[in-house]
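**Student:** Here it is, the structure, as structure tokens.
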Amino acid sequence: MRVSRSSGRTGLVRVSEDDIFTPSPLPLDGIVPGEDDERYLVERVKHLEERNAQLRDQKRRLETQYRNAENDRQRLAREIKHIKAEMEKLKSPPLIVGYVKDILEDGRVVLKSSTGPHFVVHVADFVDRAQMKAGDRVSLNQQSLSVVGVLPASLDPAVYGAEVVEHPTVTYEDVGGIKAQLQEIREAIELPMNRPELFERVGIDPPKGILLHGPPGTGKTLIAKAVAHHTNATFIKLAGSELVQKYIGEGARLVRELFQMARAKAPSILFIDELDAIGASRYEASTSGDREVQRTLMQLLSEMDGFSPRGDVKIIAATNRPDMLDSALTRPGRFDRLIEIPKPDLDSRREIFAIHTRRMSVALDVDLARLALQVGEDATGADIKAVCTEAGMFAIREERDSVAMADFEKSIRKLLGQKIGGAQNLHKDSAFA
Ligand SMILES: Nc1ncnc2c1ncn2[C@@H]1O[C@H](COP(=O)(O)OP(=O)(O)OP(=O)(O)O)[C@@H](O)[C@H]1O
Ligand SMILES: [Mg+2]
4 MRVSRSSGRT GLVRVSEDDI FTPSPLPLDG IVPGEDDERY LVERVKHLEE RNAQLRDQKR
64 RLETQYRNAE NDRQRLAREI KHIKAEMEKL KSPPLIVGYV KDILEDGRVV LKSSTGPHFV
124 VHVADFVDRA QMKAGDRVSL NQQSLSVVGV LPASLDPAVY GAEVVEHPTV TYEDVGGIKA
184 QLQEIREAIE LPMNRPELFE RVGIDPPKGI LLHGPPGTGK TLIAKAVAHH TNATFIKLAG
244 SELVQKYIGE GARLVRELFQ MARAKAPSIL FIDELDAIGA SRYEASTSGD REVQRTLMQL
304 LSEMDGFSPR GDVKIIAATN RPDMLDSALT RPGRFDRLIE IPKPDLDSRR EIFAIHTRRM
364 SVALDVDLAR LALQVGEDAT GADIKAVCTE AGMFAIREER DSVAMADFEK SIRKLLGQKI
424 GGAQNLHKDS AFA
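For the numbering used here, count along the sequence shown from 1 and bump the result up by 3.
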């Protein structure tokens with residue numbers, strides 16, 4: 004038998020001519036009927052048995068072929084259905100997006116189309132009217148503008164992107180010093196979320212938001228990361244500068260959607276880093292860009308007023324220019340907890356050294372307390388981290404396996420020397436001027 008798989012994507016099974024059974028002639032040569040009856044019958048039975056076997060074989064083959072053909076048929080039917088659906092998609096006209104303004108008593112709907120004008124239209128029967136309410140986004144038929152579907156509320160991709168899905172690896176143990184501040188942050192954020200009844204019993208509202216402020220590199224962003232790591236709440240993080248948008252009203256919309264998401268995913272913590280990007284004092288705006296930033300700030304203020312302090316949404320913001328912030332932001336009821344993150348004191352500096360040398364291989368002579376003293380009052384956490392990295396670089400350059408005290412000292416001289424040198428240069432420039 005030849006079963007030919009035809010070429011091409013269909014892969015159909017074809018039955019060839021050979022598959023039609025033709026019996027071979029009975030071998031009667033040399034047999035005389037009547038005389039050799041017995042031999043004749045034996046031959047005939049043998050022949051019939053052979054033929055029977057052949058037929059059975061053929062039946063089996065045809066059954067296989069039938070099954071293959073049936074599979075092919077089903078596959079093609081599916082393909083046709085898929086192609087028809089695709090064709091349908093290509094042929095169907097685009098739908099217009101509109102926003103429901105009002106639902107009339109007779110079941111019709113007043114809506115605003117995305118192009119501007121308002122219309123009164125019918126609603127298709129298959130749309131669930133109970134689900135539809137004013138403000139919803141709906142899709143409209145092009146000709147009659149009747150409502151054919153309710154669309155999900157839209158959120159800006161930037162807002163989706165702000166949610167921290169994978170929690171950062173920074174823990175509270177990675178934060179050196181600033182223990183009192185950390186405690187206060189945890190109280191203001193975690194306590195109202197975990198034990199709201201405490202506040203209810205005493206009858207006070209927990210703070211809605213906290214503002215971390217302090218010099219650059221003191222660990223404000225680090226703390227927020229640690230809070231995100233330890234909380235079970237949704238953590239939403241974005242930089243203030245991301246809220247500054249090009250078009251009028253865009254920034255305000257982003258703030259609105261951000262709070263919308265925070266509420267929908269409550270309990271949640273909203274962290275706005277570098278708040279000064281939008282929080283700078285109002286009333287001095289001169290350009291339209293400044294005014295747009297102000298609108299964004301006002302939306303933020305009104306959103307903060309809008310949600311209940313006992314709710315499950317908390318805001319943390321960070322800035323290193325608290326003096327620049329609009330006083331409306333820092334008044335009670337908004338960011339009413341101002342937490343200063345100062346430069347680390349001697350003890351904290353030693354702790355931060357310990358944290359950053361934890362994973363380094365350091366020589367026995369390294370004395371962290373002395374290093375903490377040597378870096379000086381002015382060093383921040385970020386400086387200390389840089390000192391450790393630089394010391395490691397010195398060791399690598401000399402192909403040593405561990406970092407010695409001398410490396411650290413050299414590194415401090417280099418980095419702090421740069422700092423002092425920079426200041427001196429500034430001085431020189433001003434002297435010239
Ligand atoms: N208290 C600290 N303990 C441990 N590491 C710290 C500490 N403070 C700062 N660092 C180190 O310095 C780095 C920078 O700190 P961070 O980004 O938190 O500064 P920041 O306060 O947010 O600064 P900016 O105001 O410029 O945004 C951190 O990644 C961390 O490695
Ligand atoms: Mg920061």
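Heads up, the beta-carbon is just placed ideally off N, CA and C, and yes, glycines get one too.
Is D276 close to ligand 2? I mean its beta-carbon at under 7 Å from any heavy atom of the ligand.
**Tutor:** Position 273 of the sequence shown, counted from the first residue, corresponds to residue 276. True, at least one ligand heavy atom lies under 7 Å from that Cβ.
**Student:** Taking 8 Å as the threshold (C-beta atoms), are V153 and L143 in contact?
**Tutor:** Working through the sequence shown from its first residue, we reach residue 143 at position 140. Working through the sequence shown from its first residue, we reach residue 153 at position 150. In this structure, V153 does not lie closer than 8 Å to L143 by Cβ.
**Student:** Which residues in the same chain as A133 place their Cβ atom closer than 6 Å to its Cβ, once the five residues preceding and following it in sequence are excluded?
**Tutor:** Numbered from its first residue, the sequence shown carries residue 133 at position 130. Nothing listed; no residue qualifies.
**Student:** Can you give the Cα-Cα distance for A372 and D350, rounded to whole angstroms?
**Tutor:** In the sequence shown, residue 372 corresponds to position 369, counting from 1. In the sequence shown, residue 350 corresponds to position 347, counting from 1. Roughly 8 Å separates the two Cα atoms.
**Student:** What I want to know is whether the C-beta of P345 ends up closer than 7 Å to one or more non-hydrogen atoms of ligand 1.
**Tutor:** Stepping through the sequence shown from its first residue, residue 345 is reached at position 342. P345 Cβ: outside cutoff for every heavy atom of ligand 1.
**Student:** Express the C-alpha separation of P97 and R81 in angstroms, rounding to a whole number.
**Tutor:** By 1-based counting over the sequence shown, the position of residue 81 is 78. By 1-based counting over the sequence shown, the position of residue 97 is 94. Looking at the two C-alpha atoms, the distance is approximately 26 Å.
**Student:** Report the option in G164, A229, F397 and V162 whose CA atom is closest to the CA atom of I181.
**Tutor:** Locating residue 181 in the sequence shown gives position 178, counting from the first residue. Residue nearest to I181 within the set G164, A229, F397 and V162 is A229 (criterion: CA-CA distance).
**Student:** Please specify which runs of the beta strand (DSSP E), each continuous and at least 3 residues long, are wholly inside the stretch 337-384, giving them in chain order.
**Tutor:** 338-343
**Student:** Regarding A165 and ligand 2, is the C-beta to nearest heavy atom distance less than 7 Å?
**Tutor:** Position 162 of the sequence shown, counted from the first residue, corresponds to residue 165. For ligand 2, not one heavy atom lies less than 7 Å from the Cβ of A165.
**Student:** Taking 8 Å as the cut-off, decide whether the C-beta atoms of G254 and E295 are in contact.
**Tutor:** Counting from 1 along the sequence shown, the entry for residue 254 is found at position 251. Counting from 1 along the sequence shown, the entry for residue 295 is found at position 292. The answer is yes: Cβ separation under 8 Å.
**Student:** Check G212 in the structure and name its three-state DSSP category.
**Tutor:** Here the question's residue 212 lines up with position 209 in the sequence shown. Note: G212 maps to strand in three-state DSSP.
**Student:** Do you know whose CA, among P120, M264 and D109, lies nearest V126's CA?
**Tutor:** Taking the first residue of the sequence shown as position 1, residue 126 is located at position 123. V126 has its Cα closest to that of D109, out of P120, M264 and D109.
**Student:** Is N323 a contact residue of ligand 1, with contact defined as CB to any heavy atom under 7 Å?
**Tutor:** What you label residue 323 is simply residue 320 of the sequence shown in a count that begins at 1. Within the cutoff, so yes.
**Student:** If we call anything under 8 Å between Cβ atoms a contact, is H216 one with L93?
**Tutor:** Within the sequence shown, numbered from 1, the residue matching residue 216 stands at position 213. Within the sequence shown, numbered from 1, the residue matching residue 93 stands at position 90. The Cβ-Cβ distance between H216 and L93 does not fall below 8 Å.
**Student:** Mind checking whether the beta-carbon of L341 lies closer than 7 Å to any heavy atom of ligand 1?
**Tutor:** Translated into positions along the sequence shown, residue 341 becomes position 338. Taking the Cβ of L341 as the reference point, every heavy atom of ligand 1 lies at 7 Å or farther away.
**Student:** Quick one: grab the DSSP three-state call for S142.
**Tutor:** Taking the sequence shown and counting its residues from 1, one reaches residue 142 at position 139. Reduced to three states, the DSSP call for S142 is strand.
**Student:** Give the DSSP-derived three-state secondary structure of F238 in the structure shown.
**Tutor:** Against the sequence shown, residue 238 aligns to sequence position 235. Correct three-state label for F238: strand.
**Student:** So K413 and T383 are in contact, right, with Cβ under 8 Å, and what is the actual spacing, rounded?
**Tutor:** Position 410 of the sequence shown, counted from the first residue, corresponds to residue 413. Position 380 of the sequence shown, counted from the first residue, corresponds to residue 383. Not quite, the Cβ-Cβ distance comes to about 20 Å (not below 8 Å), so this is no contact.
**Student:** Quick one: Cα of Q427 to Cα of V378, how far?
**Tutor:** Locating residue 427 in the sequence shown gives position 424, counting from the first residue. Locating residue 378 in the sequence shown gives position 375, counting from the first residue. Below a pLDDT of 50, predicted positions are generally treated as unreliable, and Q427, at 42, falls in that range; the measurement from the model is reported next regardless. Looking at the backbone, the Cα of Q427 and that of V378 are separated by about 18 Å.
**Student:** Can you list, in chain order, the residues of its chain with a C-beta nearer than 7 Å to that of S95? Leave out the 5 residues immediately preceding and following it.
**Tutor:** The sequence position of residue 95 within the sequence shown is 92, counting from 1. Cβ within range, chain order: n/a, list empty.
**Student:** State buried or exposed for D367, treating a residue as buried only when at least 16 other CB atoms are found within 10 Å of its CB.
**Tutor:** Within the sequence shown, the letter at position 364 stands for residue 367. In the sequence as displayed, the identity of residue 367 is Leu instead of Asp. L367 should be labelled exposed.
**Student:** Round the Cβ separation of A137 and I106 to the nearest angstrom and send it over; I've been treating them as touching at under 8 Å.
**Tutor:** As a working mapping, residue 137 is identified with position 134 in the sequence shown. As a working mapping, residue 106 is identified with position 103 in the sequence shown. Taking C-beta atoms under 8 Å as the contact rule, A137 and I106 qualify, at a distance of about 7 Å.
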